[in-house]
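Worksheet: one structure, shown below.
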Amino acid sequence: MNRVNPIYVVVVLVVIVVFMMFQLHNEKEYLQEVKSEYKEVKVLANELGGLKAVYANPKKSKKLFQKLLRASVLRSVNIKSDFTKKGVKITAESIDRKALNYLMGKVLNATYKVKALKIEKLSKTKASLYMEIQW
Amino acid sequence: MNFNTKYKTYLLDPHAKRFALDEKVNLILSPSLYWVKKLSLPLKKASEAKKILPSLFEDTLPDGEYSYYVYKEGEDFFAFAYNDKEILELIEQKGLSASNIKNIYFAQSELGFIDGAKKINDTESIYNKDGIIILLPCCWIDEKGSLDLTNIEHSKHSITLTNYGHIVDLKSLYIVGAILFAFIVLLTGEYIITKQKADAIVAQKESEFTRKHLKATMFENKAILKKYTKEYTQQTKLRYAMGALLRVRDVEIKSISLKKKSLVVLFEKLPQSAKMSLQKKLKMKKLSFKFVSDTKVEIAL
Chain A
3 MNRVNPIYVV
13 VVLVVIVVFM
23 MFQLHNEKEY
33 LQEVKSEYKE
43 VKVLANELGG
53 LKAVYANPKK
63 SKKLFQKLLR
73 ASVLRSVNIK
83 SDFTKKGVKI
93 TAESIDRKAL
103 NYLMGKVLNA
113 TYKVKALKIE
123 KLSKTKASLY
133 MEIQW
Chain B
959 MNFNTKYKTY
969 LLDPHAKRFA
979 LDEKVNLILS
989 PSLYWVKKLS
999 LPLKKASEAK
1009 KILPSLFEDT
1019 LPDGEYSYYV
1029 YKEGEDFFAF
1039 AYNDKEILEL
1049 IEQKGLSASN
1059 IKNIYFAQSE
1069 LGFIDGAKKI
1079 NDTESIYNKD
1089 GIIILLPCCW
1099 IDEKGSLDLT
1109 NIEHSKHSIT
1119 LTNYGHIVDL
1129 KSLYIVGAIL
1139 FAFIVLLTGE
1149 YIITKQKADA
1159 IVAQKESEFT
1169 RKHLKATMFE
1179 NKAILKKYTK
1189 EYTQQTKLRY
1199 AMGALLRVRD
1209 VEIKSISLKK
1219 KSLVVLFEKL
1229 PQSAKMSLQK
1239 KLKMKKLSFK
1249 FVSDTKVEIA
1259 L
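Below, the structure is given as structure tokens:
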């Protein structure tokens, strides 16, 4: 006589179906959430990777700048450079047009972080220069 | 054969007195509560015979919902038809609770041991006639005492009464149950697949963090990205501004100075046409600027 009523079994099955549908719905929402998070991470990782390669490589920047100052065009010019851990400050009381064009062309065409700049014309062919570059 | 040591056994008959019981009991149905047929069928198993039971009783039974039971004894089949609802109602009338009933048996399968007639109440006797247990009115035959069920040994032929058979078709219920079960299996499968997909993406996300040397939280990474993006924008604007200045003809620049977020340019000579050209070039690069005087411009970075 203690047999389980089949109607109860069907009711229990319906409850399980509803519960499973609810769980599945939640899991699908979670999947969408995780997918969009992953996309966001990928985009961020790519952007950050690119920018880091440019701005977060102080050793490379320093080395390149030192190499630039050793260029023959600039060697004849009296450029004072003050290298620190964070960057470099360069000063030239009088720099000729050719050397200035060369230096600024190299600096602006590369990815140096120019933090301060002052160029003042002294004569038709000469100018003074102060520049701060941060690594 | 079940040795009945734990539960008492009672005969359930419409003329029996009300029970006053508060314990689990076994019940034997009186022959007045079922129809029985002794059959000789060309079948091997009782389960094969069960399929044809409704048609066997078709002409015998009054209108109503019936359940069927069959067992094989020797070469003969004993087939039973009974009305669940009627028996359940009688059980209730007699003061018994369905939950207090352990097993229900037929008199046919349990009382084969009686010899002659046995009195079961004031008006009826039970009688074993050629192997068929029947009910007789009292005094038709000489009774040899009352029916004693104290030490009865039960057979394995117990039945389960269903009080829902007349409400819904059991077969339909099983079909619905099977469909629901299949649905549960499908949902569970899809749930597992979805969960695995989500877990795989989470793992990929974590490996991306490791591979690209990202900080532990998105908050930190976003802050770093914001810092570098700001730097990149400012440096790009500086280069655009310098490019625009150097492309303008007929101008002589006296000084250029970069202070914080602005580039200040002082001209020795800035003709109107050159000024227009410079404005155009700066606008093209979407740079904001301001002419402080005729020969001085401030470009915001």
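As you go down the protein sequences, you meet chains A and B in turn. Each position in the first sequence, counted from 1, maps to that position plus 2 in this note's numbering. Each position in the second sequence, counted from 1, maps to that position plus 958 in this note's numbering. No residue lacks a Cβ here, since even glycine has one placed at the ideal position from N, Cα and C. Given the structure is predicted, the values throughout are model-derived calculations rather than measurements.
Just how far apart, CA to CA, sit Lys1184 of chain B and Val20 of chain A? 45 Å
I want to see whether chain B comes within less than 8 Å of Lys141 of chain A, judged by CB atoms only; does it? This structure leaves residue 141 of chain A out entirely; chain A is present only between 3 and 137.
With a 10 Å radius around its C-beta and 16 neighbouring C-beta atoms as the bar for buried, classify Pro989 of chain B as buried or exposed. buried
Roughly how far, in whole angstroms, is the beta-carbon of Leu1221 of chain B from the beta-carbon of Ala1199 of chain B, given that I think they are within contact range, below 8 Å? The distance from the Cβ of Leu1221 of chain B to that of Ala1199 of chain B is about 5 Å, consistent with a contact at the 8 Å cut-off.
With Ile1078 of chain B and Leu970 of chain B assumed to form a contact (beta carbons below 8 Å), what rounded beta-carbon distance in angstroms separates them? Not quite, the Cβ-Cβ distance comes to about 10 Å (not below 8 Å), so this is no contact.
Contact the stretch 976-994 of chain B vs the stretch 1242-1256 of chain B: 3+ CB pairs below 8 Å: no
For Ser1055 of chain B, is the classification buried or exposed, using 16 other Cβ atoms within 10 angstroms of its Cβ as the cut-off for buried? exposed
Cβ shell of Thr127 of chain A (< 7 Å), same chain only, five flanking positions each side left out: Asp98, Arg99
Cross-chain neighbours of Lys37 of chain A in chain B, by beta carbon under 8 Å: Ile1159
Can you list, in chain order, the residues of its chain whose CB lies under 8 Å from that of Gln1192 of chain B, leaving out five sequence neighbours each side? The residues are Lys1219, Leu1259.
Can you list, in chain order, the residues of its chain with a C-beta nearer than 6 Å to that of Tyr104 of chain A? Leave out the 5 residues immediately preceding and following it. Val75
With a 10 Å radius around its C-beta and 16 neighbouring C-beta atoms as the bar for buried, classify Met959 of chain B as buried or exposed. No answer about Met959 of chain B holds up, because its pLDDT of 49 lies below 50 and its placement is not dependable.
Could you check if Ile135 of chain A is buried or exposed, using at least 16 other CB atoms within 10 Å of its CB as the buried criterion? buried
Straight-line Cα distance separating Met133 of chain A from Lys44 of chain A: 37 Å
Runs of beta strand (DSSP E) lying entirely within the stretch 36-101 of chain A, each at least 3 residues, in chain order: 82-85, 89-98
Is the CB of Asn1041 of chain B under 8 Å away from at least one CB in chain A? no
Spell out whether any CB of chain A is found under 8 Å from the CB atom of Ile1142 of chain B. It does; some Cβ of chain A falls within 8 Å.
Who are the neighbours of Leu110 of chain A on chain B, taking C-beta pairs under 7 Å? Arg1197, Met1200
State the DSSP-derived secondary structure class of His27 of chain A, mapped to helix, strand or coil. helix
So what's Ala978 of chain B in DSSP terms, helix, strand or just coil? coil
Please state if the CB of Tyr1149 of chain B and the CB of Leu26 of chain A are separated by a distance shorter than 8 Å. yes
Take the Cβ of His1115 of chain B as the centre, count every other Cβ of all protein chains shown within 10 Å, and call the residue buried at 16 or more, exposed below. buried
Please classify Val17 of chain A as buried or exposed, where buried requires at least 16 other C-beta atoms within 10 Å of its C-beta. exposed
Exposure of Met1242 of chain B, with buried meaning 16 or more beta-carbon neighbours within 10 Å: exposed
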